[in-house]
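Enquirer: In the working numbering, the protein residues as written are 37 to 452. C-beta: ideal position from N, C-alpha, C; glycine also. Bear in mind the structure is a predicted one, so any value in this text is a computation, not a measurement.
1. Please classify residue 319: does DSSP put it in a helix, a strand, or coil?
2. Is the stretch 252 to 263 in contact with the stretch 64 to 78, if contact means three or more CB pairs nearer than 8 Å?
3. Out of 316, 71 and 116, point me to the one whose CA is closest to residue 33's CA.
4. From residue 227 to residue 143, what does the alpha carbon distance come to, in whole angstroms?
5. Are the beta-carbon atoms belonging to residue 93 and residue 101 less than 8 Å from one another?
6. Look at the Cβ atom of residue 323, then the Cβ atom of residue 336, and state whether they are nearer than 8 Å.
7. According to DSSP, is residue 455 helix, strand or coil?
8. At the level of alpha carbons, what is the spacing between residue 128 and residue 80?
9. Please confirm whether residue 51 and residue 82 have their CB atoms less than 8 Å apart.
10. Helix, strand or coil for residue 133 per DSSP?
11. Mind reading off the beta-carbon distance from residue 71 to residue 103? Whole number of angstroms is fine, and I expect it under 8 Å.
12. Can you list, in chain order, the residues of its chain with a C-beta nearer than 8 Å to that of residue 152? Leave out the 5 residues immediately preceding and following it.
13. Distance check for residue 283 and residue 271, CA to CA, integer angstroms please.
14. State buried or exposed for residue 160, treating a residue as buried only when at least 16 other CB atoms are found within 10 Å of its CB.
15. What are the boundary residues of the alpha helix (DSSP H) that includes residue 146?
16. Which residues bound the alpha helix (DSSP H) around residue 161?
17. Once the 5 residues before and after residue 162 are set aside, which same chain residues still bring their CB inside 7 Å of it?
18. Mapping the DSSP letters down to three states, classify residue 96 as helix, strand or coil.
19. Hey, how far is the Cα of residue 250 from the Cα of residue 237?
20. If you compare alpha carbons, which of 134, 136 and 106 is closest to residue 246?
21. Quick check: the Cα distance between residue 276 and residue 328, rounded to an integer number of angstroms?
22. Answer with buried or exposed for residue 451, where buried requires no fewer than 16 other C-beta atoms within 10 angstroms of its C-beta.
23. For the alpha helix (DSSP H) containing residue 71, list its first residue and its last residue.
24. Quick check: what's the CA-CA separation for residue 258 versus residue 268?
25. Residue 119: buried (16+ other C-beta within 10 angstroms of its C-beta) or exposed?
26. Around the Cβ of residue 290, are there at least 16 other Cβ atoms within 10 angstroms (buried) or fewer (exposed)?
27. Of all the options 62, 90, 89 and 112, which has the alpha carbon lying nearest to the alpha carbon of residue 138?
28. Is the Cβ-Cβ distance between residue 149 and residue 140 less than 8 Å?
29. Who are residue 53's beta bridge partners in DSSP?
30. Would you kindly work out how many angstroms separate the C-alpha atoms of residue 330 and residue 279, rounded to a whole number?
31. Name the one or two DSSP bridge partners that residue 280 has.
32. Does the distance between the C-beta of residue 101 and the nearest non-hydrogen atom of the ligand FAD fall short of 7 Å?
33. Can you look up residue 16 in the DSSP assignment and give me helix, strand or coil?
34. Give the single residue among 108, 146 and 217 whose Cα lies nearest to the Cα of residue 244.
35. Rank 68, 95, 90 and 242 by C-alpha distance to the C-alpha of residue 124 and give the top, closest one.
Okay, here's the thing in structure tokens:
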């Protein structure tokens, strides 16, 4: 029935059977306290099991196994004993001798040993430590059987006859009454065991529901995490949109200020009788110049005797410098004539114009007539004799005096 051979190992809680839990009561408060203890301190003592066929059955440590399943532990420590079913049930009773089984649990245990393991009542009395009730060896067989039987069923709080058949055949009313009480007790035990099975089934359903709740909580936490990430991304996009809006507003204000400044300058120039236009010089004639603005149609400006041409930007290239000198010299010759007296600064300019390599005026031939129109430098307007001559592709800023029809062209020379 039993042996002293034991072995300790780790096993998954799902691999442990609980067939003997039918003779134990399961109190929810005690189960909750065991779960808290395992969560705080871990497993202190191994679970007691025995081998039943190809599996393992628990006979001590049901609350620890259920708590480990609830906590999703992968393994628990178990101690296996070389016992059969009857020995495991007796060991269950001995393991709980300190705290003690309830009368109902002891009644379930005795009933299981008597009906399932087919032990006799004297054997049950001896295994459960009730053999001290037998005091004399010379007692007749009925007394030897009655005393252990009475001692065993006293644990369950009932008095019963030896068998149902003897009680039904007995002429003693007390015997028949005891048989009826035993029958009622067995029915009560059966109902209690069925209730225990229903409670165990309900516990398994509750565990499944709790597992589903945990899955739902994990799914909810994952969805909340995704929602927080999307919210952070939306806030970042809103911040970027606000920054772009602020940048666009600043640029708009800057452009408005620039437009306002340009309008104010144009207003002041209009008040002084001047007009300014910026663009490319597309055509130059002796009496007018054509300027193409960046947008809109080309503008024509008539050039009179007081026309002035000044470059707004001087390039460092030698060709551009020589062309500017030619341009300014042409303007000076128009103003003072070929033989007129020039101021000191303008004499220096005339002297600079007569450097080697520069085109020199010949007799009374206008300077612009000696230049090939297709070889004119970009960005220059040459004025000689009666006015401006061919210049194509140059940028200029022109200011016209409305009353005197005075136009000033400022060619824009490219930088190197």
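Expert: According to the structure shown:
1. strand
2. no
3. With the chain covering 37 to 452 only, the question about residue 33 has no answer from this structure.
4. 13 Å
5. no
6. no
7. Nothing can be reported for residue 455: it is not among the residues displayed for the chain, which extend from 37 to 452.
8. 19 Å
9. no
10. coil
11. 4 Å
12. 121
13. 18 Å
14. buried
15. 139 to 151
16. 157 to 163
17. none
18. strand
19. 20 Å
20. 106
21. 41 Å
22. In this predicted model, residue 451 has a pLDDT of only 42, less than 50, meaning its place in the structure is not dependable; the value taken from the coordinates is given anyway. Exposed: under 16 other Cβ atoms inside 10 Å.
23. 64 to 77
24. 15 Å
25. buried
26. exposed
27. 62
28. no
29. 93
30. 31 Å
31. Answer is none; residue 280 lacks a bridge partner.
32. Questions concerning the ligand FAD fall outside what the structure shown contains, since it holds no ligand whatsoever.
33. Here the chain covers residues 37 to 452 and nothing more, so residue 16 does not appear.
34. 108
35. 95
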